[in-house]
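Enquirer: Chains as they are written, first to last, in my numbering: chain P, 1 to 273; chain A, 1 to 566; chain E, 1 to 528; chain X, 1 to 363.
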Amino acid sequence: METGIGHRNCQVTSGGRASSAPHSDLVLPYGDELNDGLMQVSFTLPVAAGALAEEAARQAMKLMGLEDPQVAEAAAIGNNATFFIGYGRLTRPVELSKLRVAKPMWQELDQGTINRLLQETLARPLVVVGAATGQDAHTLGLDAILNYKGFAGNRGLEAYSAFKVVNMGSQVPNESLVAKARELTADAILVSQVVTERNVHLANLTNLVELLEAEGLRDKVVLVVGGPRITHALAVELGYDAGFGPGTRPQDVASYLAQEIARRHVELGHLHE
Amino acid sequence: MEQSLGHEFDRLEAALGLWRKNPDLFTEMLGILESLKDPLHAISLLQEGQVLSPAELFILANLCACVRRIRHLQDQTGISKWPANTVPPGLEPAEVLLAPGSQGQPRFYISDAYSASLAETRRLRKHKQEMWHREMAKQARAVETALGVRISGTGEMAIRKTGRAQLEKARLMPELGETRQTLSHVYFKLKPTRDAVNLETELNLLKAKQRAQETEVLRELSGKLKQHLPVVEAASQALGELDFLLSKAELARATDATRPEIIRPGAGDGSGSGKAGLSAKHRGPGEGLSPGKGMDSGIQPEPGRNSSPGPDLILQGAFHPIVLNEVKSRGGTYQPVSIELDSIVSVITGPNMGGKTVALSTVGLCVAMAQWGLMVPCNYMKFGLYDFIYFQPGEEQTPGLSSFAAEIVSLKQPLARAGERGLVLLDEVGRGTNPSQGRALYAALLQYYLENDTAGSTVIATTHYHGLAATLGVPHWQVRGLATEALGLKDSKGPEAGEGAGWSEGSERTELAGDGLDWLYRHMDYTLQKVGPDTPTPQDALVVAKALGLDAAIIDKALKFHGRGG
Amino acid sequence: MLRLSIDTKTVDRCHEIAENITSRVMEELSSLSTVAIERTVARFAGVDGVTPDGVPLPNVLVDHLAEKGKIHDGVAVHLANACLALGKTPVQVSRMIAGGETDISTLEWQGTEEVTRKAREMCRDSLDKIRARRAEREALLEELPVTQTPWLYVICATGNIHEDAVQGKMAAAQGADVIAVIRSTGQSLLDFVPHGLTTEGFGGTYATQANFRLMREALDEKSRKLGRYVRLVNYCSGLCMPEIAYIGAVERLDMMLNDAMYGILFRDINMERTFADQNFSRMINAYAGIIINTGEDNYLTTVDAFNAGPSVLASQFMNYHFAKKAGLRDEQIGLGHAFEIDPAIEDSLSYELAMALLVRQLFPDCPVKYMPPTVHKKGDIFSAHVLDSNFNLVSVLTGQTIHLVGMLTEAIHTPLVQDRYLSIKSAAYMRRAAQNLGHNLEIKRGGLLDTRAASILDDTLKLLREVNEKGLFAAITEGVFAGVKRLRTGGKGREGVFKKSRWYFNPVEEDLRAGLSDRSQAPGPIQD
Amino acid sequence: MIETALHLADVVAHSGIRSVAIVGTAKNVGKTVTMNYLVSELSAKGLTVGLVSSGRDGEAIDAFTGRPKPSVVAPQGAWVATAEGVLGEAAAGLEIADVSGHQGLFGRLVLGRAAEPVALELVGPRSARELGVLVNKLLDLGADIVLVDGALDRMAAASPKVTDATILATGASLDMDLETMAQQLGFIVWLLSRPEHPVKGIASLAKQAVEKDRVCFIHAGRGGMQGRYTLRPINYPTVLGVEDEILERAGDAAAVVVPGAVSQAFLDSARSWAKQRELAVIASDAVGIFASKRPGVSLYVTRPLNLLAVTVNPVTSLGISHDPREMVRVISAALRDIGYAVPVFDVVSGEKSTEGVSGMAVG
């Protein structure tokens, strides 16, 4: 007779601290030779082209911490503005050991493993509701993650037997998304935000978290946001469980969801604490 | 298998016995287990010889404290009474290591007691810090006096731009540095004096030294703790087992559960070995006994194993905890399930909403719990272990398959394990297809089990199909259904729309119950009774439909059609 | 010029079918009008301004008539009657309604002849003004000629109209011929036109009359400085298509994004509403000499571009015939196309060249609006710049007219001033470098390009036949276009569609038709 | 004691509350500055503070703007709760008393007492419910008062389910124009100050109603039974997406109690419903109300929020600034104009306005 030792016998994943890198701790940009610190920058100054503008550009690069600033190109682009391409050397190294990288905690799993893991954990499909919320009319990213076709040869969540996907499309009010998540007892909510002008996405994303809180659903879903300007750190600060930036493949999101759900399942015992 | 399960139940019973005698003590024990933190990560770090972080060390300190407190409690009941799951002694040295000089609530801090040199560094740093504060405060007071402006705790001060003279003066003071300007104010920050600058340098060095010494303490401590690893691991394992045992006991208490009696299937025969062979001899459809024979006799035949020592699965007063809670929450009374199964195949019939599916899942749940070593939510249970339990899934949507197709695909699973002893729970197979073919298929499936099962499986099948039990000549169980007085359809006693919606001042009503469900709940008798094989299947569908508020005109028409058809 | 060998019979057949499809739609819709059309008529009659709560007066007037159940007669009849009965101007009447001072549905009838005359008269000023603005454009084009094609078209999307004006002028100085002000996300779903200068919007600036005027003045000033007329573009789409066409005509915009089906498919606006509105708005655009831009690029960004060829072409055929029915001349029909083919595909450049050439050749007199790659651009701005270069080359080689300049930072943000500079610079380079290249090359007969074009054209014909069999409404319901399914009875703005009563009268429509049929009086903005 | 002598720390110290949320109307409105001010002033008064964040705070670099942010320094003796993953070497300065849960990215939450002054990054739990648990844990461990730093412009920490009282931080980042800002702030204050229903019978039934996790109607007693009310729960857990369906079931209800989010759409529908008869909307608490404008319908809560004060930050992230004195004055006046005499402070310049604020006198 098997007698497990109860819910506290759970897998513990490391506490998220970045493991200290084995390679050199201090790094500089790599141009022509290692650690030469050479960087290329481009920017525009609202100053008419000329000696003064070039000096201003060099000064701007110095303020960025670049030494030996050189102006490779200075072009008048109208309205008394000048466009610059410059090169300079960064002298202060980046200390790798002092960095903490915010990344969702997951390993890449293949489709079969994801399906198996979820089947073992939930014994039913994981319900994912996705939407581009608020004013956002862009569904390209959302579709790429959710729709069967996926993108770049990586199939979307619909192609996994372990996911039940509801794609609500674009310009979905947060209220409708929350109502749908409640109706379907969603396990995960995927929000796509592409429009970031004037930080509309920030207000919209926090509003969604607050709505979920008010509805008592925040604890019950894995809340994920994706978009070209989204980083994981930003997502966490906004109150999300994970954030996915550009280049994310459906498999990444599927891997994360499967592992996060499995982890929460194991921890169910902790919920009553 | 039966033996180890029996052993597990012995332990559980012992724990429950102790619990009854010492309820307060157990409450405390649960509280302690609750406060336990998962130590596995800390243990694996120790195994690898790594340095533990303060948080991991706290978890170990907590583990030690829990062990100490649990042992103390077990002492009070007499440790000898704990046949297993006693928590090993011998953690005191580790506990002392983790919390020198501390008792009571576990805490972890890299205290001065670990290292005299660390204590000295900390003392010095604190001293220098105070000196720095005094130095800066002196400076701040001088500036405040000279300018008449308050300097904040962070050493910053703001001067309104309108106070020109003051501003000029501030700008000339060597003690101040201008930091920023806003629309209305210029901000200054107090510059450290030369002494303060020196102190800052010293403080930085001291801080680095302190951190290094603290890390050293953690390293040493981790090294020392590694020597206690075996006992820490044993304690962790024991607490885990205890936690599991008590969780099972807690569940048993919460559901007022009973220890099941486990028999060896066919054990009554006495010849012992070859379970499958035995069963085949005794339980298979007896030679010459045609299952169809009893159909017209009206007498309940006893197909199957007449010579067996008694029913193969007895369940008395069983309940499904989730359904029970749901019934309680709406203020209803729950009718437990009692059933005795002594045939390979048994059929359950009953009206819609009559709890056939609940009865089926209750049997499944009780068997599963018993096999997992859990006390069973019933008054009495006796059964033999199964190799597998199959519960035919309900109307779950499988993409690309109709519900009927999904059902068929699923049914292939238990059929593929024909050589094993299974508890096969079937819920209205064929409901998704046309009735005559559905019925034929269902009958054939059950017949197949009757004819081919060699392992002694138990198949329970719910159905609406009239005469299925009789066709097969197997035991027939029926839900009593709606009380007779409720059955008068045209009778005014029948469910009227709006009944249950009556609500009085100061009271509450729920629209949930306003739709006739409440009426059904109150009038439905969920008791399972064994009936003759060809006892007609209750035809309560129309009553149920009426109770649920379907238009009376439709019900009337249905009654007419039904009359014609019947 | 490069030419594909294509089967002219297939082309003729496509035109016939598209003509048939669109005729049927227009026939079905001839009995319908919409609140947006009526608000436009009110604007023609001079109703402008907002109430103290910010509700535009045209909305007040039309909502009032809708509430009283009189909108079926058209706004013009009741407004003219009220002007006569009360002795007030249209705008005064509207203000009175806003203030709750009058109910114009109950005023005494002033006589059909009188009212009809008044209705015509009150819209005449606006029609005159639009003709004057058109003449003004023609004069300016003569004085400040645009000599090179393709015209380089860039976008401003700051959300603040003052900032847009600055950046628009800057882009013109950098070489842009056409400036588009991106509209605020979500405006297409507003059932009114915002009022006044706006300094905030989401991902763009609200299309308002004041904003149009400010941009026009800024670009006119710059045009004179540069000696080259700089065209101004905005969006004539969404729930207020005809109203925006009106204000664009009055403020002398030169181009309008004005697709027949975009709102239905991509904004879930009701079909009947969209088809009715697009027709009336296009009549105004035709009258004002405005070039419309259709939105076929959207098919290419939503589904895989390699396979989208037939739906792009089919849509172009239909957009073209809808446009012709509204009175637009070929020179005013800027059909959309985009370079969205996946660069990972072998021979992608050849396939794209075939498609671009095909579109050009099928609609020889239409100024095709050719749009740059967007979908396959990522954060690597250097590679994106290379991709744009290929797009620039294909554009020049195939003789496109309106060239939306691709931005290397497309995938990252709305263009920085320097992004426009770099992109315009490289597009201008290609325009110079490959100016006559197309005239000196030939397409290999029966080669890769010919085969590809023929196959797309054949599939287009099949698709058009399918649509024709079902009817356009049913085809959309079944998701034939871009895989989007819409119900005829669904979508936003449906409540704003109504059946005309037998007394319905729209003086503007009548005059627009009269003006348009008299082609000789209205020379196009582009020399034939 | 003269009222005007009061500082924000006095207001907090004398209010008798055990926990306070510092929430912001926008980013960069000085939540952390207010938090740090309270930490140092309350500690100076001999109180043991507890520190926790509802999001992420005190990290060196703001995840969105990339600008440096002020860090949080826990004085010796203070209780703190933060995620293990961001604790770093600060762990050595803590006496650790609890480790709980799992916080995904940043690891488990560590609760401890600062054995020496410790500079910290605070990372809080995922949900408001967990935050409430954490606040109570800190109090149990020995904090006199727990300060909860709100995340961004999120209000969840202000819920009475989580904290006893709220300080609202606002600033020029909300809007550069002072009048517009004061107007927007006025609306937020109005929203956060929603009271209980004035009729006792309704208010007490509403309290029961929110426990049911279902939308409920409250009906006035019939036929001579004035003053008695009945509760009628309906089978809807939410109003989202079913606003009209719910109101169609209102009948002659005097109030509708919404356990979850009260959306603007629901308020709009309730408004048109209430044109025909009186219908009050009652939310669980102000944090559950998602109104973008004042609704044309009576709006109440079952648990009012205790808004202690407003703090202002005259400087935006771009460095543009107002005159603090003028800003405090305008905002205070704007709030008084709409009937809310909430004290207003700029904790950096020390400017304040407590005029007309009743119950502020101490002693």
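Heads up, the beta-carbon is just placed ideally off N, CA and C, and yes, glycines get one too.
Only a predicted model underlies this, so the values are computations on that prediction, with no experimental measurement involved.
1) Closer than 9 Å by beta-carbon distance: list the chain P residues that pair up with X/Ala-91, in chain order.
2) Please specify which runs of the beta strand (DSSP E), each continuous and at least 3 residues long, are wholly inside the segment 388-423 of chain E, giving them in chain order.
3) Could you give the DSSP three-state label for A/His-127: helix, strand or coil?
4) As a quick exercise: from E/Thr-116, E/Asp-259, E/Met-407, pick the residue whose alpha carbon is nearest that of E/Asp-239.
5) When you check each C-beta in the segment 75-90 of chain X against every C-beta of chain A, which residues fall closer than 8 Å?
6) Could you please give me the residues that DSSP links to X/Ser-53 through a beta bridge?
7) So is X/Ser-284 in contact with chain A if we call contact Cβ pairs under 8 Å?
8) What three-state label does DSSP hand A/Ser-290 in the structure shown?
9) Just the chain X side, please: which residues come within less than 7 Å of P/Gly-239 by C-beta, in chain order?
10) Can you tell me which of A/Ala-545, A/Gln-47, A/Asp-195 puts its alpha carbon nearest to the alpha carbon of A/Leu-225?
11) Runs of 3 residues minimum, wholly inside the segment 443-486 of chain A: which ones carry the beta strand (DSSP E) assignment?
12) Would E/Leu-487 be called buried (16 or more neighbouring beta carbons within 10 Å of its own) or exposed?
13) Who are A/Phe-383's beta bridge partners in DSSP?
14) For A/Gly-317, tell me which candidate among A/Ala-235, A/Gln-529, A/Pro-89 has the shortest Cα-Cα distance.
15) Name the residues in the segment 134-151 of chain E whose C-beta lies less than 9 Å from a C-beta of chain P; which are they?
16) Given this structure, state the Cα-to-Cα distance separating P/Ala-242 from X/Thr-34, to the nearest angstrom.
17) Just checking, does the segment 185-196 of chain X make contact with the segment 331-347 of chain X on the three C-beta pairs under 8 Å criterion?
18) Got a sec? Which residues, its chain only, sit under 7 Å from P/Pro-22 by beta carbon, not counting five neighbours each side?
19) Can you check whether the C-beta of A/Pro-54 is within less than 8 Å of a C-beta belonging to chain X?
20) Quick one: grab the DSSP three-state call for E/Cys-83.
21) Quick one: is P/Ile-77 near chain E, going by C-beta distance under 8 Å?
22) If you follow the beta strand (DSSP E) that X/Gly-288 is in, where does it begin and where does it stop?
23) Relative to the alpha-carbon of X/Ala-274, which residue among X/Val-287, X/Asp-244, X/Ala-261, X/Ala-21 has its alpha-carbon at the smallest distance?
24) Please tell me whether P/Ser-192 has its Cβ less than 8 Å away from any Cβ of chain E.
25) Within 10 angstroms of its Cβ, does P/Phe-163 collect 16 or more other Cβ (buried), or is it exposed?
26) I want to verify the contact list: residues of chain E whose CB lies under 8 Å from the CB of P/Pro-246, in sequence order.
27) Name, please, each residue of chain P whose Cβ falls closer than 8 Å to the Cβ of E/Lys-169.
28) I need the DSSP call for E/Asn-20, collapsed to helix, strand or coil.
29) Looking at X/Ala-169: is its Cβ nearer than 8 Å to the Cβ of X/Thr-311?
30) CA-CA distance, A/Val-376 and A/Leu-315?
31) Among X/Val-52, X/Ala-91, X/Ala-74, X/Gly-260, which one has its Cα closest to the Cα of X/Arg-365?
32) Name the residues in the segment 6-39 of chain A whose C-beta lies less than 7 Å from a C-beta of chain X; which are they?
33) Give the range of the alpha helix (DSSP H) segment to which E/Thr-451 is assigned.
34) Is DSSP giving X/Gly-24 helix, strand or coil here?
35) Using the beta-carbon count (16 or more within 10 Å), is A/Gly-31 buried or exposed?
36) In whole angstroms, what is the alpha-carbon distance linking A/Ala-254 and X/Pro-237?
Expert: Looking at the atomic coordinates:
1) Within 9 Å Cβ-Cβ: nothing; X/Ala-91 doesn't reach chain P, min ~11 Å.
2) 402-404
3) helix
4) Note that residue 239 of chain E corresponds to Leu in the displayed sequence, not to Asp. Checked all of E/Thr-116, E/Asp-259, E/Met-407; the closest Cα to E/Leu-239 is E/Asp-259.
5) Glu-84, Leu-87, Glu-89
6) X/Asp-149
7) no
8) Since pLDDT at A/Ser-290 reaches only 38, below the 50 mark, its modelled position is unreliable, and the value read off the structure follows with that caveat. Coil.
9) Gly-55, Ala-151, Arg-154
10) A/Gln-47
11) 458-463, 476-482
12) exposed
13) A/Ile-262, A/Leu-313
14) A/Gln-529
15) none
16) 29 Å
17) yes
18) With a pLDDT of 42 at P/Pro-22, under the threshold of 50, the modelled position of that residue is not reliable, and no figure is offered here.
19) yes
20) helix
21) yes
22) Unbroken run through X/Gly-288: none, as it is neither H nor E.
23) X/Asp-244
24) no
25) buried
26) Lys-378, Gly-379, Ala-411
27) Gly-78, Asn-79
28) helix
29) yes
30) 10 Å
31) Because chain X spans 1 through 363 in this model, residue 365 of chain X falls outside it and cannot be assessed.
32) Lys-37
33) 448-470
34) strand
35) exposed
36) 29 Å
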